Amino acid sequence: MPRMDGVAATSLIRRFNHSTVIVGMTSHVHPAAVMAYYAAGMNDVLTKPFGKEGLRTVLARHFGDPSRSRSRSRSRCRLTLI
Numbered sequence: 008m009p010r011m012d013g014v015a016a017t018s019l020i021r022r023f024n025h026s027t028v029i030v031g032m033t034s035h036v037h038p039a040a041v042m043a044y045y046a047a048g049m050n051d052v053l054t055k056p057f058g059k060e061g062l063r064t065v066l067a068r069h070f071g072d073p074s075r076s077r078s079r080s081r082s083r084c085r086l087t088l089i
C-alpha cells in the first residue's frame, strides 16, 4: 500500500469491522514483528515464501476445509489479504 502498511490498514479496518478475516502476508519472520500483526487485529499471518499448502491451511483454519463440507456459503465469507 502506498501510504499505509498492513498494520495501519488492519487497525483502521478493525475500528469498524471485527468480523472480516484479515491475513497478513510478510517476509518479516521475527517473533516481535509477527506479534505486532496479531496485536493490530490480524487473524493470521503467512510468512513468505509460502506455497499452496500454507495458504490452504490458513484458509481452512478460518473458513473450514472446503473438501469436507460445501454447506458454508462462499458469499458470506469475507477475507482480506494484507
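So the sequence shown is numbered by this note's numbering: it starts at 8 and just counts up by one.
Note that CB positions come from ideal geometry on N, CA and C, so glycine has one too.
It should be emphasised that the depicted structure is a prediction, and the values quoted were computed from it without experimental measurement.
**Asked** Among all the DSSP beta bridges, which residues are the ones paired with aspartate 51?
**Response** Taking the first residue of the sequence shown as position 1, residue 51 is located at position 44. In the DSSP output, where bridge partners are listed per residue, aspartate 51 has Val30.
**Prompt:** Does DSSP classify methionine 8 as helix, strand or coil?
**Reply:** Taking the first residue of the sequence shown as 1, we reach residue 8 at position 1. Any answer about methionine 8 is weak, because its pLDDT of 47 lies below 50 and its placement is not dependable; what the coordinates show is given next. Three-state DSSP puts methionine 8 in coil, outside helix and strand.
**Prompt:** Which value, in whole angstroms, describes the spacing of the CA atoms of proline 38 and tyrosine 44?
**Reply:** To locate residue 38, count along the sequence shown from 1; it is residue 31. To locate residue 44, count along the sequence shown from 1; it is residue 37. So the two alpha carbons sit approximately 10 Å from each other.
**Item:** Spatially closest choice to alanine 46 from Thr64, Asp72, Arg21, by CA coordinates
**Value:** Taking the first residue of the sequence shown as position 1, residue 46 is located at position 39. The shortest C-alpha separation from alanine 46 is found at Arg21.
**Item:** Of the listed residues Val52, Leu19, Leu62, Val14, nearest to glycine 31 (C-alpha basis)
**Value:** Taking the sequence shown and counting its residues from 1, the one referred to as residue 31 is at position 24. For glycine 31, the nearest C-alpha among the options comes from Val52.
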